[in-house]
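K.L.:
Could you have a look at this structure, given as structure tokens, before my questions?
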Amino acid sequence: MTWINLFSTAKIPFYIYKLQPGDSLINISGNDQNQSMLVLHGIMYMLQVFTNNETLPIAILHSNSIIDIHKTLFNNKSYYKIIAVEETYIISFKQKDLIHKHKKTKNTLVHLLYSYKLTLYNNEIMRQILAHKYIKSRIIQLILFLSIEFGIIENKTTRIPFIIRKTDIAIITGTNLITTNKIINQLKKKKIIDYSKQKIITINNYFLSNCLFIN
Numbered sequence: 001m002t003w004i005n006l007f008s009t010a011k012i013p014f015y016i017y018k019l020q021p022g023d024s025l026i027n028i029s030g031n032d033q034n035q036s037m038l039v040l041h042g043i044m045y046m047l048q049v050f051t052n053n054e055t056l057p058i059a060i061l062h063s064n065s066i067i068d069i070h071k072t073l074f075n076n077k078s079y080y081k082i083i084a085v086e087e088t089y090i091i092s093f094k095q096k097d098l099i100h101k102h103k104k105t106k107n108t109l110v111h112l113l114y115s116y117k118l119t120l121y122n123n124e125i126m127r128q129i130l131a132h133k134y135i136k137s138r139i140i141q142l143i144l145f146l147s148i149e150f151g152i153i154e155n156k157t158t159r160i161p162f163i164i165r166k167t168d169i170a171i172i173t174g175t176n177l178i179t180t181n182k183i184i185n186q187l188k189k190k191k192i193i194d195y196s197k198q199k200i201i202t203i204n205n206y207f208l209s210n211c212l213f214i215n
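For the sequence shown, UniProt numbering gives the first residue as 1, with consecutive numbering after it.
Set out below in structure tokens:
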């Protein structure tokens, strides 16, 4: 993997963590502000969780996304949580190691710049999803994003190539499981999507192309 090679070449210490679907990390970087993390492989989403158990979706993260929260955002009224959607690998490293070995980390810094841009894009996608007033529109936008970003075209449909639970869809779009079930069933009846027993989503390519054309 690129990041492992870059850190190894620059002799920057790192650790790799493996998360299974549904696994989570809480208060990322909260105890050590020199620590940064990157998604090597997989898909996750980040939440801000408040003391009243309300949640605010922050971003959908995938390969090369940076998991980093500035220390000024930490407080005693909320914490941050990332949840793996599929099997995910994360690499952890110290920012100070990059600074101390700056002469050897030019290529690493270039890749980090790309990752920061990617993370900003991921944050913007989440804002666009949550900007919709109606939950149905949020769920459709989420499915469209996942289809465009990760989808595999198969004849007349596009398949999202990983399991995505209705619980995750509900959390990401700021709703509950009952509403999510109702909307997914509506979309299935209209033959816009299919949600299999294996929790795999496929979307009608005609609908997908029309949405892309409108946008």
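Note that CB positions come from ideal geometry on N, CA and C, so glycine has one too.
My understanding is that I91 touches L38, with C-beta atoms under 8 Å, so please give their C-beta distance in whole angstroms.
P.N.:
5 Å
K.L.:
Taking the beta carbon of I26 as the centre, do at least 16 other beta carbons fall within 10 Å, making it buried, or is it exposed?
P.N.:
exposed
K.L.:
Given T167, which residues of its chain have a CB within under 7 Å of its CB, disregarding the five upstream and five downstream residues?
P.N.:
L177
K.L.:
Using a threshold of 9 Å, state whether the C-beta atoms of M46 and Y15 are closer than that.
P.N.:
no
K.L.:
What is the DSSP secondary structure of residue 227, reduced to helix, strand or coil?
P.N.:
There is simply no residue 227 to check, as the chain begins at 1 and stops at 215 in what is shown.
K.L.:
Would you decide whether P57 is buried or exposed? Buried here means 16 or more other CB atoms lie within 10 Å of its CB.
P.N.:
buried
K.L.:
Which stretch, first to last residue, makes up the beta strand (DSSP E) that contains Q35?
P.N.:
In the DSSP assignment, Q35 falls within the unbroken beta strand (DSSP E) covering 35-41.
K.L.:
What whole-angstrom Cβ distance do T202 and T158 have, given they're in contact under 8 Å?
P.N.:
7 Å
K.L.:
For the candidate residues R127, N123, K133, I164, whose alpha-carbon lies nearest to that of I143?
P.N.:
I164
K.L.:
Is it buried or exposed, S29, if we count other Cβ atoms within 10 angstroms and call 16 or more buried?
P.N.:
Here S29 scores only 47 on pLDDT, less than 50, and its place in the model is too uncertain to base an answer on.
K.L.:
Output the distance between the C-alpha atoms of L61 and I193, rounded to the nearest integer angstrom.
P.N.:
23 Å
K.L.:
To the nearest angstrom, report how far apart N76 and P161 are at their CA atoms.
P.N.:
Cα to Cα, N76 sits roughly 38 Å from P161.
K.L.:
Measuring only between beta-carbons, confirm whether T88 sits less than 9 Å from chain C.
P.N.:
Absence of chain C from the displayed structure is noted, only one protein chain being present.
K.L.:
Find the nearest neighbour of D97 within the set F7, I200, N204, judged by alpha-carbon distance.
P.N.:
Checking every option, the nearest Cα to that of D97 belongs to F7.
K.L.:
Use the C-beta contact count for T173: other C-beta atoms within 10 angstroms, 16 or more gives buried, fewer gives exposed.
P.N.:
T173 is buried by the Cβ-count criterion.
K.L.:
What is the residue span of the alpha helix (DSSP H) that S78 lies within?
P.N.:
Note, S78: premise wrong, no alpha helix (DSSP H); beta strand (DSSP E) at 78-84.
K.L.:
Could you tell me which of F50, Q48, I12, L19 sits nearest to L36, measuring between CA atoms?
P.N.:
Residue 36 is actually Ser in this sequence, not Leu. Selected option, being the one with the closest Cα: I12.
K.L.:
In this structure, what does DSSP give as the bridge partners for R165?
P.N.:
For R165, DSSP records no beta bridge to any residue.
K.L.:
First and last residue of the beta strand (DSSP E) that includes N52?
P.N.:
Taken as a continuous stretch (DSSP letters only), N52 belongs to no beta strand (DSSP E), as it is neither H nor E.
K.L.:
Can you look up A10 in the DSSP assignment and give me helix, strand or coil?
P.N.:
coil
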